[in-house]
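Chains as they are written, first to last, in my numbering: chain A, 86 to 298; chain B, 86 to 298. All C-beta atoms in this analysis are idealised placements derived from N, C-alpha and C, irrespective of residue type, glycine included. One structure is given here, and the rest of the page talks about it.
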DNA sequence: GGGGTCATGTAATAGGTTACATGATTCT
DNA sequence: AGAATCATGTAACCTATTACATGACCCC
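Have a look at this one:
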């Protein structure tokens, strides 16, 4: 059944969600998104928003409600949610919550190719990462505090709390990884170092770089 | 300076990395990628690979080395890494390791719009998520075990270990969140429930759906 | 009263995914 | 010998990002 959604860009989800509150025109959506800081959680981009709005219109999930003109400003088209749009919003949100998606964070990609660098080059890089993760944690926590202090209910900060959780987990992992690499007992790390120290002695054609995996 | 990389698709990183071992033709890259399970960490797609190879060629990071024909199979073009390609590989990898990237996982997007569903609909969804996260953890751990048992050094499984770490952190978060929502002491959760229970009494135009944030 | 930046949108370009194509090998 | 699958690549289509445009308001 659920072929694939008519509009798959997560920005569309945000648009549907905002339109449950009241009809809006694209620029207002844009401002609201940014004001609410949702652009930290959903990739946002001026041009993309207009594209998504057009796609949603074509899919019948929103509908052009009126075009108004205020002063000499360009005409603005106001969009409203349709019934099937509301339906889609709920269905989509449910899916995203109940089903973990397989994703491709860049650090995972980097880790999968880690062997391409020598271990003693990797350690300082990991140290800097750990430090920067710490900065991001601090910054996110400050954001949470000041937003709460401004009277916003915690409900609207759950994403940021989640982010902090992930950042902590990543930090522990990185720290632990540094330890494992540096530990002279870790045999794969020593083999890794040796492999790189032989990078110039390519006369050893005995080991034909067979797939290591 | 570092304008932006000539080729930004992470699949290109994998290509550069594999070509450090020996020159290959695209299809061989494709097979190797899949055999090594790197397609779990880097989004892979047949058509994209050819695109990326072309881009890398144009950017001078790899170079066409020969075209050979074996039997009646179509001609295959073998590519080799250039010096600047090796340079780019190292530079790029370093950057990815030392600098955390801001990313947009879909669960973060969903959490940021959580308020659009009523809390008693969210709880069972989170329960199912938690359960599925458990399954993913188990599956990834089995993968790690069998791969290690096949003689692959742990160095090539660090990404999967990292994934498990993240999955555990996410599970704790989700469990905790369920608790917070269900807890009658949590005031924002009760306010949230009330907001949704009034969804039909839209006569109350006194609260003009002001930005909650 | 001229220089930013706000408000609003369109168009050009680049990037990525899916579909198509076709000979070779292998299986039954 | 016909069906399925492997091997290899190209082309068409969709998506997303960047660049372009243009009048209004605001500041000094």
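Return the CA-CA distance between residue 147 of chain B and residue 239 of chain B, expressed in angstroms with no decimal places.
Your numbering for residue 147 of chain B matches position 62 in the second chain. Your numbering for residue 239 of chain B matches position 154 in the second chain. In a straight line, the C-alpha of residue 147 of chain B is about 29 angstroms away from that of residue 239 of chain B.
Rounded to whole angstroms, what's the CA-CA distance from residue 201 of chain B to residue 175 of chain A? Just pull it up for me.
By 1-based counting over the second chain, the position of residue 201 of chain B is 116. By 1-based counting over the first chain, the position of residue 175 of chain A is 90. The alpha-carbon atoms of residue 201 of chain B and residue 175 of chain A are separated by roughly 8 angstroms.
So is the beta-carbon of residue 191 of chain B under 7 angstroms away from any non-hydrogen atom of the ligand HEM?
The ligand HEM is absent from the structure shown, which contains no ligand whatsoever.
Residues in the region 224 to 238 of chain B with C-beta within 8 angstroms of chain A's C-beta atoms, listed in sequence order?
232, 237 and 238
According to DSSP, is residue 244 of chain A part of a helix, a strand, or is it coil?
As a first step, residue 244 of chain A is located in the first chain; it is residue number 159 there, counting from the start. The answer is helix: DSSP assigns residue 244 of chain A an H, G or I state.
Residue 256 of chain B classed as buried or exposed, judged by whether at least 16 other C-beta atoms fall within 10 angstroms:
By one-based count along the second chain, residue 256 of chain B stands at place 171. Buried, since its Cβ has 16 or more Cβ neighbours within 10 Å.
Is it buried or exposed for residue 233 of chain B, if we count other Cβ within 10 angstroms and need 16 for buried?
Reading the second chain from its first residue, position 148 is the one you call residue 233 of chain B. Looking at its Cβ environment, which holds fewer than 16 other Cβ atoms inside 10 Å, residue 233 of chain B is exposed.
Going by C-alpha to C-alpha distance, which of A/187, A/149, A/186 and A/121 sits closest to residue 170 of chain A?
Taking the first residue of the first chain as position 1, residue 170 of chain A is located at position 85. The candidate whose alpha carbon is nearest that of residue 170 of chain A is A/149.
If the cut-off is 9 angstroms on Cβ atoms, which residues from the region 120 to 150 of chain B count as contacting chain A, listed in chain order?
120, 121, 122, 123, 125, 126, 127 and 128
Could you tell me which uninterrupted alpha helix (DSSP H) segments, each at least 4 residues in length, are contained entirely in the region 110 to 141 of chain B, listed from first to last along the chain?
111 to 120
Identify whether residue 162 of chain A lies in helix, strand or coil by the three-state DSSP scheme.
Indexing the first chain from 1 puts residue 162 of chain A at position 77. Of the three classes helix, strand and coil, the one that applies to residue 162 of chain A here is strand, per DSSP.
Using a cut-off of 7 angstroms between C-beta atoms, extract the partners of residue 175 of chain B located in chain A.
Locating residue 175 of chain B in the second chain gives position 90, counting from the first residue. Within 7 angstroms Cβ-Cβ: 202.
For residue 248 of chain B, count neighbouring Cβ atoms within 10 angstroms of its own Cβ and tell me buried if that reaches 16, exposed if not.
Looking up residue 248 of chain B in the second chain gives position 163. Residue 248 of chain B comes out buried.
Run the CB neighbour count on residue 220 of chain A, radius 10 Å, all protein chains shown included, and call it buried at 16 or more, exposed below.
Stepping through the first chain from its first residue, residue 220 of chain A is reached at position 135. Residue 220 of chain A should be labelled exposed.
Please confirm if residue 248 of chain A has its CB atom under 8 angstroms from at least one CB of chain B.
Here residue 248 of chain A is taken as the residue at index 163 of the first chain, counted from 1. Closer than 8 angstroms: yes.
With DSSP run on the structure shown, which of helix, strand or coil describes residue 279 of chain B?
The count along the second chain starts at 1 and reaches residue 279 of chain B at position 194. Residue state, collapsed to three classes: helix.
Please report the residue range of the alpha helix (DSSP H) in which residue 103 of chain A lies.
In the first chain, residue 103 of chain A corresponds to position 18, counting from 1. Element bounds for residue 103 of chain A: 95 to 104.
Out of B/135, B/128, B/192 and B/275, which has the shortest C-alpha to C-alpha gap to residue 109 of chain B?
Numbered from its first residue, the second chain carries residue 109 of chain B at position 24. Ranking the options by Cα distance to residue 109 of chain B, first place goes to B/135.
Using 10 angstroms around the beta-carbon of residue 89 of chain B, count the other beta-carbons present and answer buried if the total reaches 16, otherwise exposed.
By one-based count along the second chain, residue 89 of chain B stands at place 4. The residue in question, residue 89 of chain B, is exposed, as its Cβ has fewer than 16 Cβ neighbours within 10 Å.
Assuming the contact rule is C-beta atoms closer than 8 angstroms, residue 92 of chain A and residue 137 of chain A should be a hit. Round their C-beta distance to whole Å, please.
Sequence index remark: in the first chain, residue 92 of chain A carries index 7 (1-based). Sequence index remark: in the first chain, residue 137 of chain A carries index 52 (1-based). With 8 angstroms as the limit, residue 92 of chain A and residue 137 of chain A qualify as a contact, their Cβ atoms being about 6 angstroms apart.
Taking contact to mean 3 or more Cβ pairs, one atom from each stretch, closer than 8 angstroms, check whether the region 174 to 189 of chain A and the region 188 to 195 of chain B are in contact.
Judged by Cβ distances under 8 angstroms, the region 174 to 189 of chain A makes contact with the region 188 to 195 of chain B, as three or more pairs qualify.
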